[in-house]
Amino acid sequence: MKTVAFRFLCFALLVGSSVTVLFAGPGFPRIAAKYKGTDVADGDTITGTVTIDPVPASAKFEIDRDQKICGDNQPNFRLVVDAATKGVKNVVVFLDGIAKGKKLAKKQSFVIDQKGCAYAPHILIAPKRSSIAFKSSDPIVHNVHVYRGTLDQPHSRAEDVLNVAFKDEAVPEQEIEKRALRRRGFLFIQCDAGHVWMSAYIFVVEHPYYVLTDEQGRFELKDVPPGTYTLRFWQEGWQAKPVREGDKITGYEYGAPVQHTASVTVKTGEAAKVDWAIPGAAK
Amino acid sequence: MRQNSAAVGLTLLCLAAFALQAQDAEPTERELAGREIYIAKACWQCHSQEAGPREVRVAKPMLPATERTGPDLFQTPRRRSESWQRAHLFAPRTLDPHSSMPRFRELFDTADGRAVQAFLKKYDTKDGGRDQDGIVTRTEYTAAGGEDWRAELERLDRRDQRFGANAPRGDEIISLNDAAPVWNDEGRALVAYLGRLGTSKPGASVAIPPRTATTSEQRREAIERGSKTYARHCASCHGKDGAGDGPAAMFFSPRPRNFLRGNYRFRSTPVGNPPLDADLYRSIRRGVGMSMPAWPTLSDGQVWDLVEYLKSHHPLYLGRELFVDLHDDPLMAFVQWTDSQRTDEKLAELETDEPGGAQLGINRRLFSMRGRWWIGDRGVVREVKDGFVFQAFRFRLGITVFDWLAEYDPEPRAIAIGEEPFPFSDESVSRGERVFMDMGCAQCHGATGRGDGLAAITTRGALGEILPPTDYTRGAMHLKGGSDTASIVRTILTGMQGTPMPGYAANFAADPGGLKDLWHLAHFIQRQSRAR
Chain A
0 MKTVAFRFLC FALLVGSSVT VLFAGPGFPR IAAKYKGTDV ADGDTITGTV TIDPVPASAK
60 FEIDRDQKIC GDNQPNFRLV VDAATKGVKN VVVFLDGIAK GKKLAKKQSF VIDQKGCAYA
120 PHILIAPKRS SIAFKSSDPI VHNVHVYRGT LDQPHSRAED VLNVAFKDEA VPEQEIEKRA
180 LRRRGFLFIQ CDAGHVWMSA YIFVVEHPYY VLTDEQGRFE LKDVPPGTYT LRFWQEGWQA
240 KPVREGDKIT GYEYGAPVQH TASVTVKTGE AAKVDWAIPG AAK
Chain B
0 MRQNSAAVGL TLLCLAAFAL QAQDAEPTER ELAGREIYIA KACWQCHSQE AGPREVRVAK
60 PMLPATERTG PDLFQTPRRR SESWQRAHLF APRTLDPHSS MPRFRELFDT ADGRAVQAFL
120 KKYDTKDGGR DQDGIVTRTE YTAAGGEDWR AELERLDRRD QRFGANAPRG DEIISLNDAA
180 PVWNDEGRAL VAYLGRLGTS KPGASVAIPP RTATTSEQRR EAIERGSKTY ARHCASCHGK
240 DGAGDGPAAM FFSPRPRNFL RGNYRFRSTP VGNPPLDADL YRSIRRGVGM SMPAWPTLSD
300 GQVWDLVEYL KSHHPLYLGR ELFVDLHDDP LMAFVQWTDS QRTDEKLAEL ETDEPGGAQL
360 GINRRLFSMR GRWWIGDRGV VREVKDGFVF QAFRFRLGIT VFDWLAEYDP EPRAIAIGEE
420 PFPFSDESVS RGERVFMDMG CAQCHGATGR GDGLAAITTR GALGEILPPT DYTRGAMHLK
480 GGSDTASIVR TILTGMQGTP MPGYAANFAA DPGGLKDLWH LAHFIQRQSR AR
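Residue numbers (numbering that gives the first Met the number 0), protein chains in the order written: chain A, 0 to 282; chain B, 0 to 531.
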């Protein structure tokens, strides 16, 4: 199938020599011509809320090793819902394929810490060309194994881009590896040192219109130039099924990410509002 | 030529020395049984078992008096792994289409039809279902009652993925890849005996000779020559397009490397970076662990040609600079270069018109690549049929561009490891053991290096399959990055891309003095693996 799809793509390219927008495979945001950063004076805001109702039951992560540091269990951080508003935290909301808008912040630095056998932050949005450092606050062995995936298949292990180790006597707070994020895309982090529940995601983005929802599930995209856009929502998927070998857990099978797209029109002086109610029972 | 044969000769002499050493140990019962089978199957009619010296003096073409039907088996185990033997005895022509070696299916356990099914899976869509050996067709198999073979295969595949936790220990030679044909008792004995003929230490350090191809024209020719060498020696496992799916691939676990992905394990560069050319050279020349044979018989030039050819599979190497420049949008480059209608004139126009170039997502730097690789290099393109030249180029490049995902250093450099600072000693081994524990190696590899650490059952490979940590005690062959001290240190520093093994280079960035510990550690690993 892949072959056929690529042949078709090639054929399409042959016919239309002025193609400027391409799809980079399933699940990838569109790659438009290079994003152009300018000053946006006449832009307005897109706001909204992501909610889920009913809230699906999600089991805790059982922990069967290194409990002194990691605890006996961890809450399912893959779905964090505010009890009062049913707002969902950590949903990535972004404008897909925007070609022009406010400037992308340059050369920022981010840190991902390993603390209590969890990555902090769990999801990170980092502008392209920023740098990222990894550190460990845990006095046990960890490794940071970074894979590149797609939004549809975030947990593919086919392409790994980084794999560094943290010794157990590693000095807390010491940044072990610092990397420039040269290419836009989607990264998935996993620990191979037995801490199978640990996971984190990095969005390396080419434009500034990416945002994470807050504790109440709210988001806000500021200074969007007037126009009609595709707004995409990405929730990592809360199902995490333990894979067992005897009485030991050897890994987790994660459910597919839950995604949504909406068309949104922004006019000067008129804030747009887009809400997404995740059908909680469906997944 | 003389130099080459001298190099080969030296290698063989070393092999002979190792082999003689190995023969000191008492043969096991199984090996003796294998010898009987060797005699019974009349292997001796075609294969000799003579030590190197005669072979050493003989350059190609062989003189009639030195000719034999099959190769001399004395050096076999150094070059051929158990997986390879399995492929070779089950279906010789999957490895070499011109082989005159007969099949020995009676050495395999095919009672439950697994081998047949596995073979069908491979050849189901090719040649109307007939495998290259012409053994069994799908129709024949179905007629024999094997209706539900596909579902059965999927079941076996799933089981195969989980097999890692039960990986065999010690000197027990059994199939690691459950879906492929497995030995029966006779087969196991024979392969044990073959292993006896010249068991040697793998992973001796390899001297890297200077390459000859330096200009783009020379590289193009090297790729052309390399493609022929590849088709002859490599395609049987790595596949004719380099996707790691050759006819013999199913016999190997882990599977042969997929070159289209460019995800190389054995490097001297930091984690996440492509290997240096010398690393590729070393892997070909020396072989890798249990599966990939060493290639002492290829000339230096042939190996360098192969290196160039392998690199042509991946855009990373096609235009390193190009991708540094266009890393955010390689597809733009892709569109540009695949537009065959654009004449050089048009390109020249764009080249001189900076703003126009910028609009198209291209720039001067891109065009400067032209003379070197992108348009200039048609070595890859030329094989393709008229009219679809660019399509095919695009096709191949297309896959790789989408798959090309590694963050990398624009100019990767080898991690400096230096010379071995002190000799191997018991004291060094025991210090190494402490380092082993301190660094947390035991978390995966276990306290004694048997690959049974706390995290061992959770480590996974590129397909999500369980990939057990290396069990050092299974022998030096299992140190896939090489078993000489420098190679072990290098493997620890660089990690193994595509596996859970991390690189430790960053841990020593602030404290280069600590690197000394790694040499102790390497000595400990050598002791555990009986490499010394």
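Cβ coordinates follow ideal geometry from the N, Cα and C atoms, glycine included.
Remember, it's a predicted structure, so these values are computed and weren't measured experimentally.
Quick one: residues in its chain with C-beta nearer than 7 angstroms to the C-beta of T457/B, no 5 flanking neighbours on either side, listed in chain order?
There are no such residues.
Take A271/A as the anchor and find which of C190/A, D222/A, F165/A and K240/A has the nearest alpha-carbon.
When the alpha-carbon of A271/A is set against those of C190/A, D222/A, F165/A and K240/A, the nearest one is in D222/A.
R489/B versus V181/B: straight-line alpha-carbon distance, rounded:
Cα-Cα distance, rounded: 35 angstroms.
Over what stretch of residues does the alpha helix (DSSP H) that includes Y280/B continue unbroken?
Per DSSP, Y280/B belongs to the alpha helix (DSSP H) from D276 to R285.
Give the straight-line distance between the Cα atoms of W294/B and N262/B, rounded to the nearest whole angstrom.
C-alpha separation (whole angstroms): 21 angstroms.
Would V195/A pass as an interface residue toward chain B - the criterion being a Cβ-Cβ separation below 8 angstroms?
In terms of beta-carbon proximity, V195/A lines the interface with chain B, with at least one pair separated by less than 8 angstroms.
Return no unless some Cβ of chain A is closer than 8 angstroms to the Cβ of D437/B.
Taking Cβ atoms only, chain A reaches closer than 8 angstroms to D437/B, which makes this a yes.
Of the choices I51/A, N162/A and V143/A, whose alpha-carbon is the least far from that of D112/A?
Out of I51/A, N162/A and V143/A, V143/A has the C-alpha closest to the C-alpha of D112/A.
Flag this pair as yes or no: are the beta carbons of S130/A and L180/A separated by less than 8 angstroms?
Contact: yes.
In chain B, which residues lie with their C-beta within 7 angstroms of the C-beta of K302/A?
Any question about residue 302/A goes unanswered here, given that chain A covers just 0 to 282.
Would E244/A be called buried (16 or more neighbouring beta carbons within 10 Å of its own) or exposed?
E244/A comes out exposed.
Using DSSP with H/G/I as helix, E/B as strand and the rest coil, what is K515/B?
K515/B carries a helical assignment under DSSP once its states are collapsed to helix, strand and coil.
Find the residues of chain A that neighbour L453/B, judging by a C-beta separation of less than 7 angstroms, and give them in chain order.
What L453/B touches in chain A: R64 and G193.
Starting from the beta carbon of A132/A, find every residue of chain B whose beta carbon is closer than 8 angstroms, and list them in chain order.
When 8 angstroms is used as the limit between beta carbons, A132/A is near no residue of chain B, the shortest such separation being about 10 angstroms.
Which word fits F162/B, buried or exposed, when buried means at least 16 other C-beta atoms lie within 10 angstroms of its C-beta?
A caution first: F162/B carries a pLDDT of 34, below 50, which makes its placement in the model too unreliable to give a value.
Nearest to E269/A by alpha carbon, out of R77/A, T46/A and F133/A?
Comparing Cα positions, the closest option is T46/A.
With 8 angstroms as the threshold, decide whether the Cβ of V90/A is near any Cβ in chain B.
Chain B contact via Cβ: absent.
Interface flag, Y503/B vs chain A, CB-CB below 8 angstroms:
For Y503/B, the answer is yes, since a Cβ of chain A falls inside 8 angstroms of its Cβ.
Quick check: P269/B and A415/B, are their CB atoms within less than 8 angstroms of each other?
The answer is no: Cβ separation not under 8 angstroms.
Please report the distance separating the alpha-carbon of F507/B from that of S98/B.
Straight-line measurement puts the Cα of S98/B at about 50 angstroms from the Cα of F507/B.
With a threshold of 8 angstroms between beta-carbons, can V488/B be considered close to chain A, or not?
V488/B is outside the set of residues whose beta carbon lies under 8 angstroms from a beta carbon in chain A.
DSSP beta-bridge partners for A276/A?
Note: A276/A sits in a beta bridge opposite T50/A.
Where DSSP assigns a beta bridge to P126/A, which residues make up the other side?
Bridge partners of P126/A: V204/A.
Between Q527/B and the rest of its own chain, which residues show a CB-CB distance below 8 angstroms, the 5 nearest in sequence each way excluded?
T447, G448, Y471 and T472, listed in sequence order.
Is it buried or exposed, V205/A, if we count other Cβ atoms within 10 angstroms and call 16 or more buried?
For the record, residue 205/A in the displayed sequence is Glu; it is not Val. Result: buried.
Hey, out of I188/A, Y209/A and G193/A, whose CA is closest to A199/A's CA?
It is I188/A.
Spatially closest choice to L453/B from L462/B, Q442/B, R29/B and R266/B, by CA coordinates
When only C-alpha atoms are compared, the closest one is Q442/B.
When you compare only the Cα positions, how much space is there between D71/A and A255/A?
Rounded to the nearest angstrom, the gap between the Cα atoms of D71/A and A255/A is 26 angstroms.
Based on DSSP bridge pairs, tell me the residues matched to R243/A.
Bridge partners of R243/A according to DSSP: I248/A.
Would D151/A pass as an interface residue toward chain B - the criterion being a Cβ-Cβ separation below 8 angstroms?
Among the residues facing chain B, D151/A is not included, as its CB has no counterpart in that chain under 8 angstroms away.
What residues in the stretch 239 to 267 of chain A bring their beta carbon closer than 7 angstroms to a beta carbon of chain B?
Going along the stretch 239 to 267 of chain A in chain order, one finds E244, K247, T249 and G250 with a Cβ nearer than 7 angstroms to chain B.
Look at F258/B and G241/B and say whether their C-beta atoms are less than 8 angstroms apart.
Yes.
Determine the closest residue to Q107/A out of V91/A, A132/A and M197/A, with distance taken between C-alpha atoms.
Ranking the options by Cα distance to Q107/A, first place goes to A132/A.
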